[in-house]
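Notes for the one structure printed next.
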Amino acid sequence: MSTFAAVDLGASSGRVILGRLDDGALVTEEVARFPNAPVAVPAGRRTTLHWDVLRLYDAALAGLRRAARTHGPPATVGIDSWAVDYGLLDADDALLGNPVHYRDRRTAGTPERVFAHVPAPELYARTGVQVQPFNTIFQLAAAAGTAQLAAARRLLLVPDLLGYWLTGVQVAEVTNASTTGLLDPTARAWAPDVAAALRAAFGVPVADLLPPLVEPGTVVGPVRPAGLEGAGAGLDGAALVAVASHDTASAVAAVPAERPDFAYVSCGTWSLVGLELDAPVLTEASRAANFTNELGLDGTVRYLRNVMGLWLLQESARTWAEEQGEDVDLPALVAAAARVPALTCVVDVDDPVFLPPGDMPGRIAAAAAAGGQRPPAGPAETTRCILDSLALAYRRAVRQAAELADREVGVVHLVGGGVRNTLLCQLTADATGLPVVAGPVEGAALGNLLVQARAAGALAGGLPELRAVVAASTVTRRYVPAGDAAAWAAAERRLFAVPA
Ligand code: LFR
C-alpha cells in the first residue's frame, strides 16, 4: 500500500503528514511538527524580518527521513506553504540570503510606486491579483537596486525552493505563482508584459528570474537530497510531485463540498474567503473590492479576499504572554469571550495597521477608539472583538464575492485551524446567515496528499471525486445561523459605510 508524504509549511509551524488510502478514505498520521519563527536581523540601517528557510528544509527533511524509517519510503512527496515569498539563487544556483518575510516593512508604500509606472487598473486587468504590499511583484520592486537582486539569476517561491533542494529541479508551480502578481490567470502563464514593465521601471530582470511553470500533479523528479547521496537519505524511490503548492489552493481543493454553491473560509493565520470559479473576474468593481483571482487545482480560479485571520488573536496572545510571563490558555480565553455580549465593539480587521508583528491589543484598542467605540478592556473583550470582527469580515467577503461573480451561495465551508474555534464557527454562521460546515482542520495537508495520490495513480477523477475522499475521511460539524441577523447587517453598514 503506497504512502504519500505532505510537507505543509504554515506561518507559525510546519508539519510532515503521511497519508494512505484505505477503502476510499485518506488515513493520515502526523510524523513531524516543528516551529516556524521569523528572525529579525539588521541589514544596514534597517531591520529585516526573515524566514529561517534552511532550518525549515532541515526539519522537513528530517521528518521525511523519520517517516521513511518507520513506514518505508513514501511513493511521493509534496510541499505546500504560504505564498508570495521567495529565495533568490545566484549564477551557481546558491541561495542568496534568507527569504524575506512578507510581514517585513520594506514594501510599505511600494504598491503606489509601482502604480506610477503600471496603473493599478491595468495591472489588475492583466493579473487579477488583490493589492497586498507583500505581493512578489512589490517585493521585487522594493528590492530593486540591491546587491542581492543584482546577483540573482533565479527566483524560487518557498515550496519550489525546497523542492529544488530535494530534487535539483527548478520549477514554479502555478497555484503559488498566481499570487506573485506576475502571472496571467486566464492563460495560466507568466505575463511577459508585466515582467517587461517592471524591468523598464525598476531595472529588475524579472523574466530571466522566473522558472518554467508546472500545473499541480506534475512529477518534478526523484527525491535525492544533496549531501545524502553516499549515506542514502532512506527516501529511495520517492518522487517529488508538484502539488497545489500554495497552502490555500491545497486547502480549497480539500473543501468537502457536496454542492456547487459553496463559499469557503480557509482559516488559519490568514482567513481566505471566497468562491471557486471557472474563470477570473477582472472587472473594475472586483478590483475596487480588492478580490484576488488566484489559481486552483484542475483549471479552477480561487476568487477570494485575504481577511487578516487568527493572526490578530495569535499576536494578541503573544503580547499577553509576554506581559504575564506565561502562555495564554486560548480555549479558556475563547470560553470567556463567548460570555461577552455580541458586537459590542468591531474593527476593520483588514486595516493594514494590523499587518506587522507587535502590540496587537493596543492597535485594536486604538482602532476601536478612532471609530468612536469604547475600546475592549482586557483579553476576554479583546478576543470577542477579534472574533466578531472576523465573522463580520467573512460576511462582507462572502456577500461581495457572490455579487461580483454573480453566484448564489448556499453554504459556507470552514477549513483549517480555525475549525477548532467553535465560537468563531458559530459567529460565522450567525454573521453570514448561512449554514457553516466546519472541517477538516488539516485542509492544506489533505489537499496536498490527494494530488499526490492522484498523480501516483491511486485515485482517479476531478475535484468532486477528490472532495468525496475528504468527506469520507473527515468528521465535519454543522453550525446553523442563530443570534440577531439584523444586528450583523447593522454592524456591517456601520463599519464599512454600506448603504442600507
Ligand atoms: C495563507 C497564505 C495566504 C497568503 C498569505 C501570505 O497561509 O498563503 O493565502 O496570502 O499566506 O503568503
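Just so you know, the sequence shown maps onto residues 1 to 500 in the UniProt record's numbering.
Glycine residues also receive a C-beta, built at the ideal position from the N, C-alpha and C atoms.
Task: Ala-321 classed as buried or exposed, judged by whether at least 16 other C-beta atoms fall within 10 angstroms - done: As a working mapping, residue 321 is identified with position 321 in the sequence shown. Classification of Ala-321: exposed, given that the 10 Å Cβ count is below 16.
TODO: Can you give me the start and stop residues for the alpha helix (DSSP H) that residue 511 sits inside?
DONE: The chain is shown only over 1 to 500; residue 511 falls outside these bounds and no answer can be derived.
Task: Simplified DSSP state of Glu-30, which is helix, strand or coil - done: Taking the sequence shown and counting its residues from 1, one reaches residue 30 at position 30. Correct three-state label for Glu-30: strand.
Task: The alpha helix (DSSP H) enclosing residue 508, as first and last residue numbers - done: Past the edges of the chain, shown from 1 to 500, lies residue 508, and the structure says nothing about it.
Task: C-alpha distance - Val-169 paired with Thr-432, whole-angstrom precision - done: Start at 1 with the first residue of the sequence shown, and residue 169 comes out as number 169. Start at 1 with the first residue of the sequence shown, and residue 432 comes out as number 432. Straight-line Cα distance between these residues: approximately 45 Å.
Open item on the list: Which residues does DSSP list as the beta-bridge partners of Asn-293?
Closed with: In the sequence shown, the residue the question calls residue 293 occupies position 293. Tyr-303.
Task: Which of helix, strand or coil DSSP assigns to Thr-76 - done: Numbered from 1 along the sequence shown, position 76 holds the residue referred to as residue 76. Strand, per DSSP.
- [ ] Taking 8 Å as the cut-off, decide whether the C-beta atoms of Gly-439 and Thr-476 are in contact.
- [x] Within the sequence shown, residue 439 is the residue found at index 439, counting from 1. Within the sequence shown, residue 476 is the residue found at index 476, counting from 1. Yes, the pair counts as a contact, with Cβ atoms nearer than the cut-off.
- [ ] Starting from the C-beta of His-117, find all residues in its chain whose C-beta is less than 7 Å away, skip the five residues before and the five after it, and write them out in chain order.
- [x] Locating residue 117 in the sequence shown gives position 117, counting from the first residue. Around His-117: Ala-197 and Ala-201.
Task: Meets three-Cβ-pair contact criterion under 8 Å: the stretch 52-65 and the stretch 4-14 - done: yes
Task: Whole-angstrom distance between Ala-336 and Ala-317, CA atom to CA atom - done: Within the sequence shown, numbered from 1, the residue matching residue 317 stands at position 317. Within the sequence shown, numbered from 1, the residue matching residue 336 stands at position 336. Rounded to the nearest angstrom, the two C-alpha atoms are 14 Å apart.
Task: Under the three-state DSSP convention, the category Val-328 falls into - done: For the purposes of this step, residue 328 is identified with residue 328 of the sequence shown, where counting begins at 1. It is coil, neither helix nor strand.
Open item on the list: Tell me whether Gly-296, by its Cβ, gets closer than 7 Å to a heavy atom of the ligand LFR.
Closed with: If you number the sequence shown from 1, residue 296 lands on position 296. It does not: the Cβ of Gly-296 is nowhere closer than 7 Å to a heavy atom of the ligand LFR.
Open item on the list: What does DSSP give as the partner residue(s) for Arg-477 in the beta ladder?
Closed with: Reading the sequence shown from its first residue, position 477 is the one you call residue 477. According to DSSP, Arg-477 bridges with Ala-438.
Task: Inter-stretch contact at 8 Å, needing at least 3 Cβ pairs: the stretch 72-89 / the stretch 106-113 - done: no
Open item on the list: the ligand LFR and Leu-306: does any heavy atom of the ligand fall closer than 7 Å to the residue's C-beta?
Closed with: Sequence index remark: in the sequence shown, residue 306 carries index 306 (1-based). Per the sequence shown, the amino acid found at residue 306 is Asn instead of Leu. Yes - the ligand LFR has a heavy atom lying nearer than 7 Å to the Cβ of Asn-306.
Open item on the list: If the criterion is Cβ atoms closer than 8 Å, does the pair Leu-49 and Arg-103 meet it?
Closed with: Taking the first residue of the sequence shown as 1, we reach residue 49 at position 49. Taking the first residue of the sequence shown as 1, we reach residue 103 at position 103. Yes, they are a contact pair.
Task: Local Cβ density within 10 Å of Asp-350, reported as buried at 16 or more and exposed below that - done: Against the sequence shown, residue 350 aligns to sequence position 350. Answer is buried; the Cβ neighbour count reaches 16.
Task: Proximity below 8 Å, CB of Val-436 to CB of Arg-384 - done: Taking the first residue of the sequence shown as 1, we reach residue 436 at position 436. Taking the first residue of the sequence shown as 1, we reach residue 384 at position 384. Taking 8 Å as the Cβ cut-off, Val-436 and Arg-384 do not qualify as a contacting pair.
Open item on the list: On the criterion of 16 or more Cβ atoms from any shown chain inside 10 Å, does Gln-148 qualify as buried, or is it exposed?
Closed with: Taking the sequence shown and counting its residues from 1, the one referred to as residue 148 is at position 148. It counts as exposed.
Task: Backbone secondary structure at Arg-188 - three-state DSSP - done: Sequence index remark: in the sequence shown, residue 188 carries index 188 (1-based). If DSSP states are grouped into helix, strand and coil, Arg-188 belongs with coil.
Task: Selected residue, minimal CA-CA separation from Pro-331, among Val-346, Tyr-57, Pro-185 and Leu-313 - done: Within the sequence shown, residue 331 is the residue found at index 331, counting from 1. Answer by Cα proximity: Leu-313.
Open item on the list: By the DSSP assignment, the beta strand (DSSP E) with Tyr-264 in it spans what residues?
Closed with: Residue mapping note: residue 264 aligns to position 264 of the sequence shown, counting from 1. It spans 262-267 - the beta strand (DSSP E) in which Tyr-264 sits, taken as one unbroken run.
- [ ] Grab the span of the beta strand (DSSP E) containing Phe-134 for me, first residue to last.
- [x] If you number the sequence shown from 1, residue 134 lands on position 134. It is not in any beta strand (DSSP E) - Phe-134 carries neither H nor E in the DSSP assignment.
TODO: Could you tell me the distance, in whole angstroms, from the CA atom of Arg-478 to the CA atom of Arg-396?
DONE: Residue 478 sits at position 478 when you count from the first residue of the sequence shown. Residue 396 sits at position 396 when you count from the first residue of the sequence shown. Spanning the two alpha carbons is a distance of roughly 21 Å.
Open item on the list: Given this structure, state the Cα-to-Cα distance separating Val-41 from Pro-352, to the nearest angstrom.
Closed with: By 1-based counting over the sequence shown, the position of residue 41 is 41. By 1-based counting over the sequence shown, the position of residue 352 is 352. Taking the straight line joining both Cα atoms gives about 23 Å.
Task: residue 541 classed as buried or exposed, judged by whether at least 16 other C-beta atoms fall within 10 angstroms - done: Because the chain is modelled from 1 through 500, residue 541 falls outside the range shown and cannot be assessed.
- [ ] Report yes if the C-beta of His-50 is less than 7 Å from at least one heavy atom of the ligand LFR; otherwise report no.
- [x] In the sequence shown, counting from the first residue as 1, residue 50 sits at position 50. No; taking the cut-off as 7 Å, the Cβ of His-50 has no heavy atom of the ligand LFR nearer than that.
- [ ] Please state if the CB of Val-27 and the CB of Arg-33 are separated by a distance shorter than 8 Å.
- [x] The sequence position of residue 33 within the sequence shown is 33, counting from 1. The sequence position of residue 27 within the sequence shown is 27, counting from 1. Not in contact: Arg-33 and Val-27 (Cβ atoms no closer than 8 Å).
- [ ] Compute the beta-carbon to beta-carbon distance between Glu-276 and Val-252, rounded to the nearest angstrom, for a pair I have assumed lies under 8 Å.
- [x] On the sequence shown, residue 276 is found 276 positions in, with the first residue counted as 1. On the sequence shown, residue 252 is found 252 positions in, with the first residue counted as 1. With 8 Å as the limit, Glu-276 and Val-252 qualify as a contact, their Cβ atoms being about 6 Å apart.
Task: Spatial distance of Ala-263 from Asp-92 (CA atoms) - done: The sequence position of residue 263 within the sequence shown is 263, counting from 1. The sequence position of residue 92 within the sequence shown is 92, counting from 1. Going by the C-alpha atoms only, they are around 45 Å apart.
- [ ] Determine the extent of the alpha helix (DSSP H) in which Thr-218 is found, giving its start and end residues.
- [x] Position 218 of the sequence shown, counted from the first residue, corresponds to residue 218. No alpha helix (DSSP H) holds Thr-218; DSSP gives it neither H nor E.
TODO: Use the C-beta contact count for Asp-430: other C-beta atoms within 10 angstroms, 16 or more gives buried, fewer gives exposed.
DONE: The count along the sequence shown starts at 1 and reaches residue 430 at position 430. Answer is buried; the Cβ neighbour count reaches 16.
Open item on the list: Please classify Met-1 as buried or exposed, where buried requires at least 16 neighbouring CB atoms within 10 angstroms.
Closed with: As a first step, residue 1 is located in the sequence shown; it is residue number 1 there, counting from the start. It counts as exposed.
TODO: State the beta-bridge partners of Glu-276 as determined by DSSP.
DONE: The residue you call residue 276 lines up with position 276 of the sequence shown. Partner(s): Arg-302.
TODO: Return helix, strand or coil for Pro-163, following the three-state DSSP convention.
DONE: Residue mapping note: residue 163 aligns to position 163 of the sequence shown, counting from 1. Note that residue 163 is Gly in the sequence shown, not Pro. Of the three classes helix, strand and coil, the one that applies to Gly-163 here is helix, per DSSP.
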